[in-house]
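Undergrad: Below is the structure I would like to discuss, written out as structure tokens.
2 protein chains.
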Amino acid sequence: MHNISKNFMLRAIELSMISLKEDGGPFGCVIVKNNEIISEGFNEVTNKNDPTAHAEIVSIRNACNKLNTFNLKGTQMFTSCEPCPMCLSAIYWSHIDKIYYGNNRKDAAKIGFDDSYIYDELSLDPNKRKILLEQINEKEAIKAFEEWEVKTDKTVY
Amino acid sequence: MHNISKNFMLRAIELSMISLKEDGGPFGCVIVKNNEIISEGFNEVTNKNDPTAHAEIVSIRNACNKLNTFNLKGTQMFTSCEPCPMCLSAIYWSHIDKIYYGNNRKDAAKIGFDDSYIYDELSLDPNKRKILLEQINEKEAIKAFEEWEVKTDKTVY
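Chains as they are written, first to last, in the numbering used here: chain A, 1 to 157; chain B, 1 to 157.
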């Protein structure tokens, strides 16, 4: 398995270099199922004006589109950098089995990316965070949840 | 400001009800700039086979597309439920000023959504998480970061 993993990671790294050359952030990613690459992605935040278009999110969307599912159980992700909390959470939502990564969040911080800062913010009590959260209209908001709870034909994810 | 906020939130809640009726998760969101709604979104995970298509992410993408930017400084988000860590991180990446929310993560957990579980997982030491992370090929991966660091014409975000 180790040599195979290495090859998949080398492709993710290659994609990070391609992204760099196309003026995107230096991040690349592939998703693998049954020892084959089923999707690839690189950072398109600035090129597509989409702050959510990290390499991992792009790869997840591509994989789901290809397999026609919102559940990626049975797949592995190879990403050139440790996923930021947005991407790590997306990995949880999509049920990917395992993550292999190259650079880590400290390496990302050193070249000016906020991954480490956002990890720190998320672990803070909400009222101590830089971006304020305020709860309003909870009595009106809960109704959709109550209807969801009793809905019999819902698609759970 | 408070009455205005209430109206924006009521629209987000209305979107959560629309989503429910269209067999999506019961979540809606709007983004506001200068006291006007500039984008809307609701949960499209199951309908679009995209585990990243939460109401907040959809709204962020729509707002960025409309304003032709990857930076939403000067905007506020009104979301029918406290953002999950994926969405909260996306809010940090997009530099939204403030978040108003209706239901909270515990309400979401009660009706079967993993928001609270993922917050708990993210705060754990990586080797204690349910989804394993393994660092490989760090020597090869760092090259793209080194090139980024010395690149003079890069677009920073």
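Every residue, glycine too, gets a C-beta built ideally from N, C-alpha and C.
Using a Cβ-Cβ cut-off of less than 7 Å, give me the residues of the region 138 to 150 of chain A that come near chain B, in sequence order.
TA: Residues 138, 140, 141, 142, 144, 145, 147, 148 and 149.
Undergrad: Please report the straight-line C-alpha distance between residue 82 of chain B and residue 138 of chain A, rounded to a whole angstrom.
TA: Taking the straight line joining both Cα atoms gives about 11 Å.
Undergrad: Check whether chain A comes within 8 Å of residue 45 of chain B, counting only Cβ atoms and requiring the distance to be less than that.
TA: It does: the Cβ of residue 45 of chain B has a partner Cβ on chain A nearer than 8 Å.
Undergrad: How many Å lie between residue 106 of chain B and residue 121 of chain B at the Cα?
TA: Taking the straight line from one Cα to the other gives about 15 Å.
Undergrad: Counting only beta-carbon separations shorter than 8 Å, does residue 42 of chain B have a partner in chain A?
TA: No, its Cβ sits nowhere closer than 8 Å to a Cβ of chain A.
Undergrad: Excluding the five sequence neighbours on either side, which residues of its own chain have a C-beta within less than 6 Å of the C-beta of residue 53 of chain B, listed in chain order?
TA: Around residue 53 of chain B: 44 and 45.
Undergrad: At a CB distance below 9 Å, what residues from the region 90 to 102 of chain A approach chain B? Give them in sequence order.
TA: Residues passing the 9 Å Cβ filter: 90, 91, 92, 93, 94, 95, 96, 97, 98, 99, 100, 101 and 102.
Undergrad: Count the C-beta pairs between the region 128 to 147 of chain B and the region 98 to 116 of chain B that are closer than 8 Å, then say yes if the count reaches three, no if not.
TA: Touching, no, given that fewer than three Cβ pairs across the two stretches are closer than 8 Å.
Undergrad: Taking 8 Å as the CB-CB limit, is residue 134 of chain A close to chain B?
TA: At least one chain B Cβ lies under 8 Å of residue 134 of chain A.
Undergrad: Is the region 72 to 89 of chain A in contact with the region 24 to 31 of chain A, if contact means three or more CB pairs nearer than 8 Å?
TA: In short, these stretches touch, since the Cβ pair count reaches three.
Undergrad: Have a look at B:108, B:78, B:103 and B:70 and flag the residue whose alpha-carbon is nearest the alpha-carbon of residue 94 of chain B.
TA: Minimum Cα distance to residue 94 of chain B is reached at B:70.
Undergrad: Check distances from the C-beta atoms of the region 47 to 75 of chain A to those of chain B and list, in chain order, the residues that come in under 9 Å.
TA: Going along the region 47 to 75 of chain A in chain order, one finds 47, 48, 49, 50, 51, 52, 53, 54, 57, 60, 61, 64, 65, 67, 68, 69, 70, 71 and 72 with a Cβ nearer than 9 Å to chain B.
Undergrad: Within 8 Å (strictly less), CB to CB, does residue 29 of chain B reach chain A?
TA: Judged by the 8 Å Cβ criterion, residue 29 of chain B is not in contact with chain A.
Undergrad: Measure from the C-beta of residue 152 of chain B to each C-beta in chain A and report whether the shortest distance is under 8 Å.
TA: So, not an interface residue.
Undergrad: Given a cut-off of 8 Å, decide if residue 78 of chain B and residue 92 of chain B are closer than it, judged by their beta-carbon atoms.
TA: No. Outside cutoff.
Undergrad: Just mark residue 169 of chain B as buried or exposed, buried being the case when its beta carbon has 16 or more other beta carbons within 10 Å.
TA: An answer regarding residue 169 of chain B cannot be provided, because it is not within the stretch 1 to 157 covered by chain B.
Undergrad: Between residue 35 of chain B and residue 4 of chain B, which are expected to be in contact by the criterion C-beta below 8 Å, what is the C-beta distance as a whole number of angstroms?
TA: Rounded, the Cβ-Cβ distance is 6 Å, consistent with contact.
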